[in-house]
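Here the protein sequences line up with chains Y and D, keeping their order.
Just add 749 to wherever you are in the first sequence, counting from 1, and you've got my numbering.
Just add 730 to wherever you are in the second sequence, counting from 1, and you've got my numbering.
Think of the CB as a built atom: it goes at the ideal place given N, C-alpha and C, for glycine as much as any other residue.
These notes concern the structure reproduced below.
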Amino acid sequence: MNQTLLIIAFGLAALAVVAALFWPRGAKRADRGAIAMLSPEDLVLQHAKYFPLVRQALTGADLADFGERVPRSTRRRVRRERHKVARRYLEGLREDYLRLERFGRLVAAHSPKVDARLEAQRVRIGARFRMTYAMVSMRLALGQVPVPAFEHMTQMLGSLAARLEASMASLVEPAPPQASADLGA
Amino acid sequence: MHISPLSYAIWIAGTLLEILVCALAYWRGLHRTLPFFTAYLTAHVVKTGIQWVIYQQFGFGSWAAYDASWISNAVTMVAQALLIGELCHRLLRAYPGVWALAWRALLFVSAAFMLNAAIESASHAYWLDTFVLALDRDLRLAAIAVLITLLLIGRYYELELDRLERRIAAGLCLYAVVDMITSAVMVHTVATHLPGWIGYQAWAQQSQAWWNVARALPSVGILSVWAVTLAQPIPATRPAPALLPASAYRELAPAVNLRLRAFNARLLELLKP
């Protein structure tokens, strides 16, 4: 009976997976006929650049100037707002990550030859990222805002973005006209 | 053996739909673009025709009907395997890099599940009913696994199936799941009550009726969806995508992975106290 139940459960799970795979997605999808979506814009960090503003909000330096004059309820509310800002910022960083990951997938899909090791590596990194992201989100939900760590992450993202854009530019320059168009430049 | 009016009605509806879908497929010229899909539909129509002749000649509950049913089932399963291969090729052929990776994964998954089918059915070899049902169940399982692997690869690399191909794949999956579940229930019931069950024949006839209905109903639904899809004009095949130069992947993929990994490392730092 156990095996039969297992098979029925597998069948139902398979149906759920197929339904999820066929469910229309909101995001843009790659098209067989065009890879114009492969754009250098994918490499631009859209959220990380707002870190100075976010840092100001997270440290709450302006709040400290008020000292004891600020009522406790107001400070509590400000703390809540700071957490909200941190959460949104983290979500933004996640978007940056996912866009970059998608860029990597599309480059692989449109390449005549791919390296299995690199592809497996990206899948592993993606799984680890999603796990870590969930844990950081939980930590934020518990009320901890690690400002210096956010700052490090933002700086690192910026420098890597610049390196990647440079290597992409060097690819676009000498390529034949077809390849240049393919990169959506 | 007596056929219930419900079974009979479903059988007639299914047969008519099979003929309609097969005719539409030829009319739309799918024998040129999707030859294995057309062959699969044709095999089903021929199977139904042969079964009908045998039922007329020898009766629904005869051994001839039993043999014809399972032999034709084997033929349609081969046709289904070829159709799944065709879907894999259609989805991935334009992407040589992904195809080079994916065919190994698909071959591994299908080999693993075929091996499972061989082992599982061999363990039920003491009785023909359970052996055939177990083999049927596990081959369906293999088909589902390969289709889901294909769809996951397509989803990951954002490769899009055409509307018709999507519906074919979804229909095959649904059909295989229903077949697998009904076969699993039958294997369990038969194996539990055999040997030594005096009323087996009467029970087998009764249970075969619900088994046929349970299998035929989703089939009618799937055929209806395929008929509606084929009744509409089929969009022209999309042109093959332009590929990037090989150097693009060599340069960008390690850089992207490096960046993603560094991103991860930093994210992990956020967790440190």
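message: Can you confirm whether Y/P926, when its beta carbon is compared against all beta carbons of chain D, has any partner nearer than 7 Å?
response: Low per-residue confidence applies at Y/P926: pLDDT is 43, beneath 50, and the placement is therefore not dependable, though the value from the model is reported in the following sentence. By this cut-off, Y/P926 is not an interface position.
- request: Could you pull out every residue in the same chain whose Cβ sits closer than 8 Å to the Cβ of D/Y905, ignoring the five residues on either side in sequence?
  value: P948, S949 and I952
field: D/R885 beta carbon less than 7 Å from that of D/M910
entry: no
task: Measuring alpha carbon to alpha carbon, tell me which of D/S792, D/I849 and D/L746 ends up nearest D/G779.
output: D/L746
- prompt: What three-state label does DSSP hand D/A830 in the structure shown?
  reply: helix
message: Residues in the same chain with beta-carbon distance under 7 Å from D/L960, minus the five sequence neighbours each way, listed in chain order, please.
response: V751, L754, A755 and R758
message: Just to make sure I have the definition right: I need the residues of chain D whose C-beta is within less than 9 Å of the C-beta of Y/R837. Which are they?
response: In chain order: nothing, as chain D lies at least about 15 Å away.
Chain Y contact for D/A976 (CB, 7 Å cutoff): yes
7 Å Cβ shell around Y/R781 - same chain, five flanking residues per side excluded: The predicted model places Y/R781 with a pLDDT of 40, which falls under 50 and marks its position as unreliable, so this point remains unresolved.
message: Suppose contacts are defined by Cβ-Cβ distances below 7 Å. Is D/E816 in contact with D/F766 by that definition?
response: yes
- request: Please confirm if Y/P923 has its CB atom under 7 Å from at least one CB of chain D.
  value: Reliability of the predicted coordinates at Y/P923 is poor, the pLDDT of 46 falling under 50, and no value is obtained from them.
query: So D/P765 is in the alpha helix (DSSP H); what residue range does that whole segment cover?
result: P765 to F788
Within 7 Å of chain Y by C-beta, residues of the region 736-749 of chain D in sequence order: none
- request: Classify D/I742 as helix, strand or coil using the three-state DSSP reduction.
  value: helix
task: Have a look at Y/Y846 and D/A809 and give me their C-alpha separation to the nearest angstrom.
output: 43 Å
message: Closer than 8 Å between beta carbons: that is the criterion. Which residues of the region 945-978 of chain D meet it against chain Y?
response: R968, P969, A970, P971, A972, L973, L974, P975, A976, S977 and A978
message: On the CB-based measure, 16 or more other CB atoms within 10 Å of its CB, does D/H819 come out buried or exposed?
response: exposed
field: Alpha carbon of Y/S929 to alpha carbon of Y/Y882, nearest angstrom
entry: Confidence is the limiting factor: at Y/S929 the pLDDT is only 38, short of 50, which leaves the residue's position unreliable and the question unanswerable from this model.
message: Any beta carbon from chain D within less than 7 Å of Y/H859's own beta carbon?
response: yes
task: Please determine, among D/A992, D/S851, D/P969 and D/A995, the residue with the shortest C-alpha to C-alpha distance to D/A824.
output: D/P969
- prompt: Nearest to D/A944 by CA position, among D/M916, D/A966 and D/P965, is which residue?
  reply: D/M916
message: At the level of alpha carbons, what is the spacing between D/S840 and Y/R826?
response: 57 Å
message: Out of Y/A765, Y/K862, Y/L770 and Y/F771, which one is the CA nearest neighbour of D/A978?
response: Y/K862
query: Can you round the beta-carbon distance between D/A873 and D/I814 to whole angstroms, since I take them to be within the 8 Å contact cut?
result: 6 Å
task: Kindly say whether Y/G760, judged by its beta-carbon, lies nearer than 7 Å to any beta-carbon of chain D.
output: yes
message: Within 7 Å of any Cβ in chain Y, is that where the Cβ of D/C818 sits?
response: no
message: For Y/A769, would you say it is in contact with chain D, using Cβ-to-Cβ distances shorter than 7 Å as the test?
response: no
- prompt: Along chain D, in chain order, which residues have C-beta atoms closer than 9 Å to that of Y/L849?
  reply: V986, R989, L990 and F993
- request: Check whether the region 829-848 of chain D touches the region 878-897 of chain D, taking contact to mean three or more Cβ pairs, one atom from each stretch, closer than 8 Å.
  value: yes
- prompt: Which residues in the same chain as D/R867 place their Cβ atom closer than 7 Å to its Cβ, once the five residues preceding and following it in sequence are excluded?
  reply: M910, S913, A914 and V917
field: CB of Y/A763 within 7 Å of CB of D/V907, strictly
entry: yes
- prompt: Among the residues of its own chain, which have a CB less than 8 Å from the CB of D/V828, if the five just before and after it don't count?
  reply: L822, I883, Y887 and L889
query: Count the other CB atoms within 10 Å of the CB of D/S853; is the residue buried (16 or more) or exposed (fewer)?
result: exposed
message: For a test of the three-state rule: what should DSSP assign to D/P948, helix, strand or coil?
response: helix
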